[in-house]
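Asks: First, the structure itself, so that you have it in front of you.
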Amino acid sequence: MGSTSLLSNGCFHCGLPIPEGATYNAMVLGEARQFCCTGCQAVAEAIVANNLTDFYKFRTDVSTKPEELVPEALRQLQIYDEPELQKSFVKTQGEQREASLIMEGIVCAACVWLNEHHIRKIAGVVDFRINYSTHRATLRWDNAKVQLSTILKAITDIGYLAHPFDSGRMQALQKKEKSLALRRIAVAGLGMMQVMMLAVAMYVGAYSDMTESMRNFIRWISFIMTIPVVFYSAGVFFTSAGRDIKRGRFGMDVPVSIAIAVTFSASVYATLKGTGEVYFDSVTMFTFFLLTGRFLEMQARHKAGQVAEELVRLLPATTTRLRNGEQEVVAVNALEINDQVLIKPGEIVPADGVVLEGVSSINESLLSGESLPTTKRPSDSLVGGTVNLESPLVMQVQKVGDSTVLAAIIRLLERAQSEKPELARLAERVASRFVPLILFIATAVFFYWHYQGSPHAFWIALTVLVITCPCAFSLATPAALTAATGTLTSQGVLTTRGNALETLAQVDHIIFDKTGTLTTGKLALVSTQALSTLSVEECLSLAAGLEKVSEHPVAHAFMAEVFEPATVQNIQAFSGQGLQGIWNNEIVRIGTAEFVNELTQSTPPVVSTTSTQSLVWLGKAGTWLAVFYLQDHIRPEAKGMITQLKQLGLQVSLLSGDNPQVVQAVAHELGLEHALGGQLPDDKLAYLKHAQAQRQVVAMVGDGVNDAPVLAAANVSLAMGSGSQLAQASADMVLLSENLERIPFAIMTARRMQTIIKQNFAWTIGYNVIAIPIAALGWVAPWLAAIGMSMSSLIVVLNALRLKNS
0 MGSTSLLSNG CFHCGLPIPE GATYNAMVLG EARQFCCTGC QAVAEAIVAN NLTDFYKFRT
60 DVSTKPEELV PEALRQLQIY DEPELQKSFV KTQGEQREAS LIMEGIVCAA CVWLNEHHIR
120 KIAGVVDFRI NYSTHRATLR WDNAKVQLST ILKAITDIGY LAHPFDSGRM QALQKKEKSL
180 ALRRIAVAGL GMMQVMMLAV AMYVGAYSDM TESMRNFIRW ISFIMTIPVV FYSAGVFFTS
240 AGRDIKRGRF GMDVPVSIAI AVTFSASVYA TLKGTGEVYF DSVTMFTFFL LTGRFLEMQA
300 RHKAGQVAEE LVRLLPATTT RLRNGEQEVV AVNALEINDQ VLIKPGEIVP ADGVVLEGVS
360 SINESLLSGE SLPTTKRPSD SLVGGTVNLE SPLVMQVQKV GDSTVLAAII RLLERAQSEK
420 PELARLAERV ASRFVPLILF IATAVFFYWH YQGSPHAFWI ALTVLVITCP CAFSLATPAA
480 LTAATGTLTS QGVLTTRGNA LETLAQVDHI IFDKTGTLTT GKLALVSTQA LSTLSVEECL
540 SLAAGLEKVS EHPVAHAFMA EVFEPATVQN IQAFSGQGLQ GIWNNEIVRI GTAEFVNELT
600 QSTPPVVSTT STQSLVWLGK AGTWLAVFYL QDHIRPEAKG MITQLKQLGL QVSLLSGDNP
660 QVVQAVAHEL GLEHALGGQL PDDKLAYLKH AQAQRQVVAM VGDGVNDAPV LAAANVSLAM
720 GSGSQLAQAS ADMVLLSENL ERIPFAIMTA RRMQTIIKQN FAWTIGYNVI AIPIAALGWV
780 APWLAAIGMS MSSLIVVLNA LRLKNS
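Residue numbers (numbering that gives the first Met the number 0): 0 to 805.
Written as structure tokens, this is what we have:
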């Protein structure tokens, strides 16, 4: 019974009676239909809008189950618009949202180009980037203008599939991708071996007394054995080429598909006619070689993205939660803020939090690159994904899901690997014009040899189509970038911008901040000198009351000394100078002598200090209250790091807002010739701009809010891992390990990456320049051309993988 007659007296969608006076109508299957409520009307309109009307066309009954009243395809997409579901994989900033997706169906760099350009045209999509090595996409969109389900459907419309990233599903997809590729290779390999044996018989028969009927019989057997190779094994090429042509794009699978289709068709024609040459052996052979090359490339690609995948899999699936003194095993994604969890020796920390009970060593190597464990005690912070080594710990959860440190690292790494440097964009432009050019050349070659009377004209043109490799152009940069960023991440250097390494390789001047960068940043209060009637304890309490809102290392030094800070109101921070607030109805200031002097209006008292100590002054209107002596320690690896940078040919400078005498003492100890103290953020910025005006490529390494403007203005910038959130957001790279020796390593890796990219381009251009003329002259067989084409892409990826051995 058809659905129209079935529901003629009730709601067209659910079959229930239509209430008297209800006017809910919509056009479905070319007719105006009536509905019982706005819900049924809305679902029906969504079914029509998403081209799912077969749901109505072929149903024979109406289910009483609500979940069956919406087509599965529509439910799967629209469910991703639910706010509760999006909490697990979407980062929200106002109406702008960002999600990490898995892309299914990506087979080459052309697929990446097609998806990126198609989705970016949708109104409301802010950005869409795909990492070819990992098949992961980063999507940013304005939720007020477009829904996530609309974007996912647009991807489905061009023959691909996208869904929220999940590490378990990613592993399953990679396993499925590998299994499917091996099955295609197996079918092609078996077909090739059988057809090649028959082809040998044909070749031998040409010089013997083989009858024509036997020759035709062998042709038909070869034809039958080639069918699964063409329609199953080579189907991946045809699917990809069809998508490209539909969107007016010529990817690498277009010439491959044309070559296979034309060769197979010509062979079928010859078989049906019983005369002429058949090329079934060549069809099966270059299908097998192309698939084998693509499989090896896929394996190398998975290896290149290995570090990113290891980070994703760091968190455990379950953990032990403590409630009412009892232990319960729960899923990690079920944890909430303020939950208490028990972390046993050998277990992975499930989320970010703070230690409540216990003392143990924590292995943070996969996050920071540092192999030595760190000791954690009560009130110390723990990062999800690290490993507890020795004793049980009780932790209170402070951050879960997308807000954890690990999630932020993964998000930044994804962004860096999906952003395209200028070299990659240039390569894409070349590749997009390459295939139409090759099609033209192959056609011209065919007509040239045809008019020359050559019986091999078709054969030669076919070889030209097969031997070219436009995909290597597009692979040259992404493969090297993915391998380099993965290597650096494993060493505790997180790349957050795709063009950072490209710029880092060209750096000739590097500027360092002092406090928290060249020094540990853990200032210790050496002594306090009271300068008024207030006692030392009162001065310390007041200083801590002012500093409690600051992230500067000076603030931590005061907070470590004071149990109960004084109550200070209306606290204001003055960048590079200090803090001001209201205490006992009086304005008080803490910071540099010049800053406090503006309030006291008198010359600061003469005090004695050493060259390595920093002075912090406290005062109110007309009165100097105290001077605090603080001392920092130079990082042990700083001097060796600066020596390595000089050996790499870099100019090294030190800019600090600290006392000039202290800065000069640090510079002298580290062997730095260029060092300036008393530098405000504007002064640092001016120094950097002056260096850039001299056509220097400048890198800035800093820590803290004061460095954010300079980090943002530098050609490339690095922030210390313990630095402020603002500094890290402004930086192109983050030194998670805080080991300064990783900076020369990063520069050398960036330079090696540039060298490898240039080698890849040189190889790709050289290969095509040599291969195309040789093929056009008829010196290469199609099966050999298939090997050359596959090896060209594979060599590019394997060359990039050398970066993993840095």
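Yeah, the Cβ is synthetic: ideal placement off N, Cα and C, and Gly gets one too.
(1) Checking 8 Å against the spacing of the C-beta atoms, do G676 and S655 come in under that value?
(2) Runs of 3 residues minimum, wholly inside the segment 635-669: which ones carry the beta strand (DSSP E) assignment?
(3) Determine the direct distance from the alpha carbon of Q397 to that of L314, and round the result to whole angstroms.
(4) Reducing DSSP to helix, strand and coil, say where H117 ends up.
(5) Determine the direct distance from the alpha carbon of T602 to that of L725, and round the result to whole angstroms.
(6) Given this structure, state the Cα-to-Cα distance separating P16 from V27, to the nearest angstrom.
(7) In its own chain, which residues sit with a C-beta less than 7 Å from the C-beta of S549, not counting the 5 before and 5 after it?
(8) Three-state secondary structure (DSSP) at P564?
(9) Is it buried or exposed for F216, if we count other Cβ within 10 angstroms and need 16 for buried?
(10) Using the three-state DSSP reduction, which class does S402 fall into: helix, strand or coil?
(11) Select from L295, I794, I220 and F627 the residue whose C-alpha is nearest the C-alpha of S534.
(12) Nearer than 7 Å: is that true of the beta carbon of A198 relative to any heavy atom of the ligand FAD?
(13) Note down the Cα distance separating F11 from G324, rounded to an integer number of angstroms.
(14) Which of helix, strand or coil does DSSP assign to P163?
(15) With the cut-off set at 8 Å, would you say I437 and T467 are in Cβ contact?
(16) Among the residues of its own chain, which have a CB less than 7 Å from the CB of N596, if the five just before and after it don't count?
(17) Buried or exposed for S574, please, with buried defined as at least 16 other CB atoms from any protein chain shown within 10 angstroms of its CB.
(18) Go ahead and label T63 buried or exposed: buried means 16 or more other beta carbons lie within 10 angstroms of its beta carbon, across all protein chains shown.
(19) Rounded to whole angstroms, what's the CA-CA distance from G765 to V795? Just pull it up for me.
(20) Leaving out five residues before and five after P391 in sequence, what residues of the same chain have Cβ atoms less than 6 Å from its Cβ?
(21) Below 8 Å, how does it come out for the segment 90-101 and the segment 138-157: are there three or more Cβ pairs, yes or no?
(22) In or out: E363 buried (at least 16 other Cβ within 10 Å) or exposed?
(23) Can you tell which of Q753, V399, Y447 and T373 has its C-alpha closest to the C-alpha of N387?
(24) Buried or exposed for V348, please, with buried defined as at least 16 other CB atoms from any protein chain shown within 10 angstroms of its CB.
(25) What residue does the beta strand (DSSP E) around T137 start on, and which one ends it?
(26) Per DSSP, T262 forms a beta bridge with which residues?
(27) Determine which residues share a DSSP beta bridge with T494 and list them.
(28) I'd like the span of the alpha helix (DSSP H) that includes W623, first residue to last.
(29) Using only alpha-carbon positions, find the residue among C110, L783, V235 and L644 that is nearest to V506.
(30) Where do the N-terminal and C-terminal ends of the beta strand (DSSP E) with D351 fall, by residue?
(31) Could you name the residues that DSSP lists as bridge partners for D126?
(32) For the alpha helix (DSSP H) containing H689, name the first residue and the last one.
(33) Assuming M719 is part of the beta strand (DSSP E), what are its boundary residues?
(34) Between the segment 444-451 and the segment 753-767, do at least 3 Cβ pairs fall closer than 8 Å?
(35) Please report the straight-line C-alpha distance between L271 and L464, rounded to a whole angstrom.
(36) My parser needs the alpha helix (DSSP H) runs of 4 or more residues fully inside the segment 529-589; what are they?
Replies: From the atom records:
(1) yes
(2) 650-654
(3) 16 Å
(4) helix
(5) With a pLDDT of only 46 at L725, under 50, the local geometry of the prediction cannot be trusted, and the value read off the model is given with reservation. The alpha-carbon atoms of L725 and T602 are separated by roughly 35 Å.
(6) 18 Å
(7) A572 and L578
(8) coil
(9) exposed
(10) helix
(11) F627
(12) You won't find the ligand FAD in this model; it holds no ligand whatsoever.
(13) 56 Å
(14) strand
(15) yes
(16) P603
(17) exposed
(18) In this predicted model, T63 has a pLDDT of only 49, less than 50, meaning its place in the structure is not dependable enough to derive any value.
(19) 13 Å
(20) K343 and G357
(21) yes
(22) buried
(23) T373
(24) buried
(25) R135 to D141
(26) DSSP lists no partner for T262.
(27) M732
(28) Segment T622 to Q630 is the beta strand (DSSP E) holding W623; no alpha helix (DSSP H) there.
(29) L644
(30) D351 to E356
(31) R139
(32) P680 to A692
(33) V715 to M719
(34) no
(35) 26 Å
(36) 535-546 and 552-558
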